[in-house]
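Accompanying notes for the structure given below.
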Amino acid sequence: MTSPFHSRLPYGERVPADPLLGRPFFPFDGDVQVVPLAEPVIPEPPRAGEPGGQDCPTCVAPEQQAIWGDEQWLLKAFEPTGLPIVTLLVPREHYRLDNLPPALTATLGPMIQRVAGAVREIEGVGRTHFNRWGDGSEHFHVWFLARPLGMMQLRGAMIAAWDDLLPRIPTEEFAANARTVARSLATISGEPLGIASAS
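So for the sequence shown, my numbering puts the first residue at 41; every next one is plus one.
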């Protein structure tokens with residue numbers, strides 16, 4: 041079943057990229073083509089952690105790639121990326137956004153503040169961007185992306201694209217950045233884990 045929104049879209053066609061070209065945060069120039077718009081997939085395929093989908097990776101190996109954790113939350117950092125660090129905040133227990141218990145939901149705002157502040161402690165970070173995309177895994181998660189100081193092109197939603205485009209930071213620098221974030225969080229609760237627990 042589709043909606044009026046779905047019925048007016050030009051499936052199979054390329055929509056023009058003109059509205060984005062020349063914008064201060066758009067990382068592409070020149071002859072940019074948008075891929076043809078695909079037909080909706082309804083029903084949607086299950087996400088990881090949903091019935092019929094792959095196993096939830098956080099539930100299968102809770103502390104894998106975690107750099108910090110306390111009784112309620114884990115912070116993960118998967119690998120060196122193009123930004124100083126990209127992290128993922130997840131509850132230890134498997135919840136969706138719509139069924140987070142009130143007590144855990146009450147801690148989400150303070151955790152966002154803490155993680156954002158801890159990421160900004162990395163040398164050369166100007167801002168911490170955070171957002172929630174929920175299409176890959178049912179297990180609730182919030183992404184945090186470190187915008188380097190002074191890199192004004194990386195402001196806004198396209199920071200995720202820039203993360204893929206920029207050269208990967210060295211592994212040693214990634215580990216040091218993870219330790220900075222984890223140790224900052226551990227001053228209030230929890231402890232550094234994994235790569236961040238090394239001295």
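Glycine included, C-beta positions come from ideal geometry on N, C-alpha and C.
Report all residues from its chain with a CB closer than 6 Å to the CB of W202; omit the five preceding and five following residues, and keep chain order.
Locating residue 202 in the sequence shown gives position 162, where the first residue counts as 1. Cβ within range, chain order: P67, L194.
Measure from the alpha carbon of I228 to the alpha carbon of each residue in P91, N139, A158, G89, then state which is nearest.
Position 188 of the sequence shown, counted from the start, is the residue given in the question as residue 228. Residue A158 is the option with its Cα nearest to I228.
Alpha carbon to alpha carbon, how far is E161 from E79? Give it in angstroms, no decimals.
Within the sequence shown, the letter at position 39 stands for residue 79. Within the sequence shown, the letter at position 121 stands for residue 161. In this structure, the straight-line span from the alpha carbon of E79 to that of E161 is close to 44 Å.
Considering just the uninterrupted stretch of the beta strand (DSSP E) at A126, what are its terminal residues?
The count along the sequence shown starts at 1 and reaches residue 126 at position 86. For the record, residue 126 in the displayed sequence is Val; it is not Ala. 126 to 131 is the span of the beta strand (DSSP E), which, as asked, contains V126.
Would you give the residue range spanned by the beta strand (DSSP E) that W173 belongs to?
On the sequence shown, residue 173 is found 133 positions in, with the first residue counted as 1. Careful: W173 lies outside any beta strand (DSSP E) and carries neither H nor E.
Quick check on L114: does DSSP put it in helix, strand or coil?
Residue 114 sits at position 74 when you count from the first residue of the sequence shown. The answer is strand: DSSP assigns L114 an E or B state.
Between the beta-carbon of E178 and the beta-carbon of E111, is there less than 7 Å?
If you number the sequence shown from 1, residue 178 lands on position 138. If you number the sequence shown from 1, residue 111 lands on position 71. Taking 7 Å as the cut-off, the Cβ atoms of E178 and E111 do not count as close.
Tell me F184's beta-bridge partners as DSSP assigns them.
For the purposes of this step, residue 184 is taken as residue 144 along the sequence shown, with counting starting at 1. Per DSSP, T127, F170.
Own chain residues within Cβ distance below 6 Å of P120, not counting five before or after
Here residue 120 refers to the residue found at position 80 when the sequence shown is read from its first residue. R208, I209, T211, F214.
What residue does the alpha helix (DSSP H) around I199 start on, and which one ends it?
Within the sequence shown, the letter at position 159 stands for residue 199. Its alpha helix (DSSP H) spans residues 199 to 205.
Using CA coordinates, which residue listed in A88, W173, V81, V75 is at the minimum distance from H46?
Position 6 of the sequence shown, counted from the start, is the residue given in the question as residue 46. Closest option to H46, Cα to Cα, is V81.
Which of helix, strand or coil does DSSP assign to A236?
Looking up residue 236 in the sequence shown gives position 196. Correct three-state label for A236: helix.
Taking I152 as part of the alpha helix (DSSP H), name the residues at either end of that continuous run.
Translated into positions along the sequence shown, residue 152 becomes position 112. That run of the alpha helix (DSSP H) goes 142 to 160.
Exposure of V72, with buried meaning 16 or more beta-carbon neighbours within 10 Å
The residue given as residue 72 occupies position 32 in the sequence shown. Result: exposed.
Is it buried or exposed, N217, if we count other Cβ atoms within 10 angstroms and call 16 or more buried?
The count along the sequence shown starts at 1 and reaches residue 217 at position 177. N217 comes out buried.
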